Structure formats: structure tokens, C-alpha cells
Amino acid sequence: MVEIEAFELFFEFTRSHEDWQLDEYVSVALSALITGVLWFGIDAHRKGQEIARFYEESLKNERNMSDARRIQALGTLAGGVAHSGNNLMQPILTLARISKSQLANDHLVQGHLDRIIVAAQNAGELFHSILKFSRNETELSQRVDLGGLLRENQSLLAAAVSSNIQLDIEISPIPVVAQFSSNNLLDILLALISNSSDSYNGEQGKVEVISRYSSEWSQLVVRDYGCGIPEKELDRVFEPFFTNKDVGQGTGLGLAIVKSLVEDAGGHVHAESVIGEGTTVTVNIPIADDPIKISTEQKEVSL
Amino acid sequence: MIKVLLVDDDEMVRYALRSAFQIADIVVVEKSNGSFVRTPGILEDVDVVVTDILMPNVEGIELITTLNEVAPHIPVIAMSGGGRLNSQDYLTSASDLGAAAVFSKPLDEVKLVDKVRELAALKH
Chain A
576 MVEIEAFELF FEFTRSHEDW QLDEYVSVAL SALITGVLWF GIDAHRKGQE
626 IARFYEESLK NERNMSDARR IQALGTLAGG VAHSGNNLMQ PILTLARISK
676 SQLANDHLVQ GHLDRIIVAA QNAGELFHSI LKFSRNETEL SQRVDLGGLL
726 RENQSLLAAA VSSNIQLDIE ISPIPVVAQF SSNNLLDILL ALISNSSDSY
776 NGEQGKVEVI SRYSSEWSQL VVRDYGCGIP EKELDRVFEP FFTNKDVGQG
826 TGLGLAIVKS LVEDAGGHVH AESVIGEGTT VTVNIPIADD PIKISTEQKE
876 VSL
Chain B
155 MIKVLLVDDD EMVRYALRSA FQIADIVVVE KSNGSFVRTP GILEDVDVVV
205 TDILMPNVEG IELITTLNEV APHIPVIAMS GGGRLNSQDY LTSASDLGAA
255 AVFSKPLDEV KLVDKVRELA ALKH
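Okay, structure coming up:
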């Protein structure tokens with residue numbers, strides 16, 4: 576009954592008078608209201624979906640990230656275990672073989688020693704496969720945001736330069752994501768920064784670190800305005816054991832390892848230098864093909 | 155008589171390799187790290203240095219570099235169990251530097267003894 580009464584009221588209002596202009600206002604207002612409600616509804620639904628997607632994505636990223644972190648920690652641990660394992664195998668194998676050679680061929684213990692040797696060799700094989708895993712799984716298949724790595728490790732990097740050196744870090748405003756292990760990249764950064772810091776021979780100076788994209792590379796630049804490297808030595812600085820530091824100050828292995836790590840990842844590194852004006856080392860690393868899964872974790876396990 | 159200077163931070167490894175050398179009538183002097191390298195007289199009569207690569211204090215790599223400088227006539231054999239980097243990386247580097255031979259642990263002591271004999275013979 577209420578509905579009919581309302582309908583009749585409405586009918587009477589629209590049909591029983593001649594004010595068509597007012598009717599027009601009312602119908603325009605009504606359709607605007609309906610459009611508004613519909614538009615709001617659709618938009619809210621769409622926004623809701625977007626938010627849900629965003630949360631789902633970040634949850635997924637977080638999960639990937641913690642997976643990557645776990646795998647990396649596991650890899651570092653595995654490398655350490657394998658190293659110790661290989662060392663532990665040495666006395667077992669050597670002493671078992673020596674004992675065998677010192678006993679008569681038909682001695683009862685010969686059979687036991689044979690089995691000790693086989694067991695130790697199997698263990699050795701296991702350690703080698705662990706070592707292989709720790710390299711392949713955790714170091715060759717990672718992504719790293721250069722800027723994120725620089726930001727997260729600012730204090731560590733600052734500690735790598737001497738107190739007379741000012742460290743300027745210039746981070747690209749867009750994330751520069753490289754196909755590279757963050758652990759290795761941090762090692763590279765530390766090696767380059769400490770070399771740059773040493774180039775001032777104890778005097779005041781500045782070391783610049785820049786992360787950016789450069790054509791098809793993720794690029795990391797370390798620059799100093801220190802003593803520079805003679806032209807004839809510049810080609811050799813990446814050779815293993817080339818060093819102009821005093822014994823005990825460096826192994827000459829730093830830049831050689833930098834080069835081999837970068838080239839293993841499909842990149843390249845080069846140095847430019849002018850005597851008395853300074854040195855710039857540029858590291859070009861392949862850009863990650865799927866930059867969504869970023870790993871910026873630091874060393875969590877060190878053995 | 156051949157004299158070997160054996161450098162390894164692991165006492166058990168030294169014990170095992172020392173035993174192998176002694177059976178082969180090779181005299182062994184042992185050090186647990188490379189910090190001895192500039193001690194006067196320590197390298198006297200040494201025919202071959204056998205060193206681990208990853209050690210505390212002075213690392214094997216640095217030891218090899220220093221030996222090249224202070225005693226270039228003494229051949230060096232490097233050995234490594236892998237670790238921070240792949241053992242192969244270190245051994246390749248050691249070989250680039252001028253180590254006469256490289257062994258990946260666990261190594262075969264018979265081959266090590268043969269190598270020591272071969273290098274000592276070349277030297278004399």
C-alpha cells in the first residue's frame with residue numbers, strides 16, 4: 576500500500592501540473608544521481624581490485640625476497656661447510672691410505688681401511704656438489720637494485736674509506752636493477768672504494784660512487800681524484816697479483832676478482848686514469864630481464 | 155735429502171701430509187700461517203714450499219707473492235679446499251701468480267710427493 580501511495584504521489588506531481596521546467600530539473604538531478612552512484616560503485620570496485628592486486632604483488636615480492644635471502648644464506652653456509660669438509664677429508668684419506676701401505680696386504684684391517692677411504696671419497700664428492708650449488712644457485716641467478724644496495728650499506732661503505740676521505744654516493748632516481756649477486760656486488764664496491772681511498776696516500780680527498788643506467792647496462796662508477804695510475808700500468812691493474820701497494824697492504828687480487836666476477840656475469844669493467852688527476856672505474860653489468868624480483872639483501876652469514 | 159716447508163692452519167692436515175712426506179724420506183718444516191716469510195734463515199735449504207691458500211693472518215696468496223720476491227728460486231705448491239670463492243678461482247690465481255703446481259683438497263698425497271720430488275729435482 577505504501578508503494579502505491581508513493582507512486583500516486585509521484586504521478587500526481589509529474590502529471591497534474593504544467594511546470595515542465597521543474598520536471599526537467601528533477602529528471603536531470605535524478606539521472607545525475609544515478610550516474611554518480613553507478614560511477615562511484617564501478618570506481619570503488621576497480622580501486623578495490625587494484626589495492627588487492629598491489630597487496631598480493633608485494634606479498635609475493637616479499638616471499639620471493641625472503642626465499643632469495645634464505646637461499647643466499649644457505650649458499651654461504653654451504654660454501655663454508657664444503658671448505659671445512661674438504662679440509663677435514665684430507666687427514667682421513669691420507670692417513671687411511673698411509674696406514675694401508677704400512678700394513679701387510681693380507682692384514683685384517685685392510686678391508687676396514689678400504690671402506691674408510693670409499694666413505695671419505697663419497698663425502699668429498701658430496702662437498703664438491705654442495706660447493707657447486709652454493710655458487711650456481713645463489714650467485715649466478717640473482718637480481719640486485721644498485722641504488723638499494725648502496726643505500727642499505729652506506730655505513731659499511733663509509734667504514735671502508737679512511738677517515739680523511741669523504742664518500743659521495745649518487746643514486747639514480749629510478750631503480751637500477753642488475754642481474755648479479757648482491758654479495759658479490761658489495762665485495763666489488765668495497766674493493767673499488769678502498770682502492771680509491773688508498774689513492775690519496777693519506778691526504779684529504781673524495782670518493783664518488785654513482786649508480787645509473789647506461790645504454791644497455793646497469794652501471795656502477797667509482798671515481799677518485801687521487802694520485803692516478805700510469806698509462807702503462809692501467810692495462811695491468813686487473814691482472815691477478817698486480818699491485819703497487821707494499822707487501823702486507825694488499826694481495827693484488829682485488830681487481831682481478833672484480834674483473835672475473837663481473838665477466839662471469841656477462842659484464843665488463845674498465846678503468847680510466849690521469850696521473851695526478853684521479854681514476855674512474857666503470858662496472859657494466861647486464862640489466863635484469865625481469866626487474867620485479869629484486870634482491871638487495873646483505874651478507875647474513877659469514878664464515 | 156729434500157726439505158719441504160709445509161704451511162697450513164689445520165693441524166690435522168699438517169699431521170697427515172707430514173706423515174706422507176716422512177714416509178717418502180722428505181724432511182718437513184711446518185708453519186700454521188705465512189707470517190714467517192720474512193724471518194731470516196727460515197727459508198734456508200728449503201727445496202719446495204707447500205701452502206694452503208685460505209689462512210688467517212698472512213694468506214697463501216700473499217705468501218706466494220712475497221716468496222716470489224724474497225726467494226724466487228723456491229718453487230711453491232698451492233692447495234685449497236674451496237670456500238669464499240670457488241677453490242678453482244684461487245688456484246687459478248695462484249697458478250697465474252707463479253705457483254709451480256696447484257692441488258684441490260682433498261688431494262692425493264702420492265701425487266703431491268711426486269710433484270715435490272719433481273720440483274726439487276728441477277731445482278738442483
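Chains as they are written, first to last, in this note's numbering: chain A, 576 to 878; chain B, 155 to 278.
From the three backbone atoms N, C-alpha and C, an ideal C-beta is built for every residue, glycine too.
Small disclaimer: the values here were computed from a predicted structure and weren't measured.
Item                                                                                                                                                         : Value
Excluding sequence positions up to five away, which residues of its chain have a Cβ less than 6 Å from the Cβ of residue 181/B?                              : 155, 157
Is residue 861/A helix, strand or coil by DSSP?                                                                                                              : strand
Starting from the beta carbon of residue 673/A, find every residue of chain B whose beta carbon is closer than 7 Å, and list them in chain order.            : 173, 174, 177
Helix, strand or coil for residue 193/B? Go by DSSP, reduced to three states.                                                                                : coil
Applying a beta-carbon distance threshold of less than 7 Å, which residues of chain A neighbour residue 235/B?                                               : 658, 661, 662
What is the DSSP secondary structure of residue 285/B, reduced to helix, strand or coil?                                                                     : Any question about residue 285/B goes unanswered here, given that chain B covers just 155 to 278.
Kindly indicate if chain A contains any beta-carbon less than 8 Å away from that of residue 260/B.                                                           : yes
In this structure, how does DSSP classify residue 713/A when only helix, strand and coil are distinguished?                                                  : For residue 713/A, the predicted structure reports a pLDDT of 49, less than 50, and the residue's modelled location is therefore unreliable. The matter cannot be settled from this model.
Mind checking residue 205/B: buried by the 16 CB within 10 Å criterion, or exposed?                                                                          : buried
Mind checking if residue 678/A is an interface residue toward chain B, Cβ cutoff 8 Å exclusive?                                                              : no
Between the region 772 to 784 of chain A and the region 732 to 740 of chain A, do three or more beta carbon pairs fall short of 8 Å?                         : yes
Identify the continuous beta strand (DSSP E) that holds residue 159/B and give its terminal residues.                                                        : 157 to 161
Counting only beta-carbon separations shorter than 8 Å, does residue 240/B have a partner in chain A?                                                        : Residue placement at residue 240/B cannot be trusted, given a pLDDT of 46 that sits under 50; what the coordinates show is reported in the next sentence. Yes, its Cβ sits closer than 8 Å to a Cβ of chain A.
Looking at the C-beta of residue 668/A, does it have a partner C-beta in chain B at a distance below 8 Å?                                                    : yes
Quick check on DSSP: helix, strand or coil for residue 884/A?                                                                                                : Nothing can be reported for residue 884/A: it is not among the residues displayed for chain A, which extend from 576 to 878.
Helix, strand or coil: which one does DSSP assign to residue 826/A?                                                                                          : The predicted position of residue 826/A is uncertain, since its pLDDT is 45 and thus under 50; a value taken from the coordinates is nonetheless stated next. Here residue 826/A sits in coil by DSSP.
Should residue 650/A be flagged as near chain B, meaning a C-beta pair shorter than 8 Å?                                                                     : no
Using beta carbons (cut-off 8 Å, strictly below), is residue 268/B in contact with chain A?                                                                  : no
Between residue 199/B and residue 190/B, what straight-line distance do the alpha-carbon atoms span, to the nearest angstrom?                                : 15 Å
Would you mind reading off the limits of the beta strand (DSSP E) that contains residue 184/B?                                                               : 181 to 185
Under a Cβ-count criterion, where at least 16 other Cβ atoms within 10 Å of its own Cβ denotes burial, should residue 751/A be classed as buried or exposed? : buried
For residue 252/B, which residues does DSSP report across the bridge?                                                                                        : None, per the DSSP bridge assignment.
What are the start and end residues of the alpha helix (DSSP H) that includes residue 264/B?                                                                 : 263 to 277
What does DSSP give as the partner residues of residue 629/A in its beta bridges?                                                                            : Looking at the DSSP assignment, residue 629/A forms no beta bridge with any residue, so it has no partner.
Just the C-alpha distance for residue 175/B and residue 255/B, rounded to the nearest angstrom, thanks.                                                      : 17 Å
Given a cut-off of 8 Å on the beta-carbon distance, is the pair residue 229/B and residue 277/B in contact?                                                  : yes
Are the beta-carbon atoms belonging to residue 799/A and residue 857/A less than 8 Å from one another?                                                       : no
Quick one: grab the DSSP three-state call for residue 787/A.                                                                                                 : strand
Give a yes or no on whether 8 Å exceeds the smallest Cβ distance from residue 155/B to chain A.                                                              : no
Are the C-beta of residue 699/A and some C-beta of chain B separated by less than 8 Å?                                                                       : yes
Interface residues of chain B around residue 665/A at Cβ under 8 Å?                                                                                          : 164, 166, 167, 170, 171, 235, 259, 260, 261
Quick check on DSSP: helix, strand or coil for residue 615/A?                                                                                                : helix
For a quick check, are the C-beta atoms of residue 167/B and residue 697/A less than 8 Å apart?                                                              : no
For residue 266/B, count neighbouring Cβ atoms within 10 angstroms of its own Cβ and tell me buried if that reaches 16, exposed if not.                      : buried
According to DSSP, is residue 833/A helix, strand or coil?                                                                                                   : helix
Quick check on DSSP: helix, strand or coil for residue 641/A?                                                                                                : helix
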